[in-house]
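In the UniProt record's numbering, the protein residues as written are 1 to 160.
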């Protein structure tokens, strides 16, 4: 991945120097960078790795999924709090994850904890089981499980 990016910078620099302009222009460098992206995209299979911008797009997708889930859960929690009758039944449930590695598991735990209405209380020593506290186990559990599957898929796109 870093080799592709460095090669892209080299192509942009080469493009800028071969353009034979009197002064260095950022627009020329940027157009060379775009040309480099196109060249590397066509040749990325020879590097033996995936195209380096695919990971960047996956990270952006993960951020948008988190923002969407944050907004949806915030609205749900606001409705529960503003409801005159408190019919909340908090509870703890377990979830077995497919993620491997410390970075993936930590990212999923942090994203779930930052989403209102759920808190990751503990991760077992093997790292494949989460103990999650939900604010309203009857209503929130399905929403939390839906969020977890979205997060897991997006995290796997970023890391694998």
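Built from N, CA and C at the ideal position, the CB exists for glycine as well. Note that the structure is a prediction, hence the values are computed from the model and not measured.
ask   = Rounded to whole angstroms, how far is the Cβ of residue 135 from the Cβ of residue 88, which I believe are closer than 8 Å?
value = 6 Å
request  = With a threshold of 16 other CB atoms inside 10 Å of the CB of residue 71, please say whether the residue is buried or exposed.
outcome  = exposed
key: Inter-residue CB distance, residue 7 and residue 40 (contact presumed, cutoff 8 Å)   = 6 Å
ask   = Do you know offhand how far residue 53's Cα is from residue 38's?
value = 11 Å
inquiry  = For residue 29, report the span of its alpha helix (DSSP H) as first-last.
reply    = 26–43
query = Going along the chain, which unbroken runs of the beta strand (DSSP E) with 3 or more residues stay wholly within the segment 116–150?
reply = 118–123, 129–134
ask   = Taking the continuous beta strand (DSSP E) assigned at residue 49, which residues delimit it?
value = Where residue 49 is concerned, there is no enclosing beta strand (DSSP E), given that its DSSP letter is neither H nor E.
query = Where does residue 132 land, buried or exposed, given buried means 16+ other C-beta within 10 angstroms?
reply = buried
query = With respect to the beta strand (DSSP E) encompassing residue 94, which residues constitute its N-terminal and C-terminal limits?
reply = 91–96
task = Return the residue from the list 16, 46, 21 that minimises the CA-CA distance to residue 34.
result = 16
Helix, strand or coil at residue 103 [DSSP, three-state] = helix
message = Taking its Cβ as the centre, do 16 or more other Cβ atoms sit within 10 Å of residue 10, making it buried, or is it exposed?
response = exposed
query = With distances taken from CA atoms, which of 156, 139, 112 is nearest residue 101?
reply = 156
request  = Could you tell me which uninterrupted alpha helix (DSSP H) segments, each at least 4 residues in length, are contained entirely in the segment 61–88, listed from first to last along the chain?
outcome  = Taking 4 residues as the minimum length, the segment 61–88 contains no alpha helix (DSSP H) run wholly inside it.
query = Under a three-way DSSP split, which group does residue 160 fall into?
reply = coil
task = With DSSP collapsed to three states, give me the class of residue 19.
result = Under the three-state reduction of DSSP, residue 19 is assigned to coil, being neither helix nor strand.
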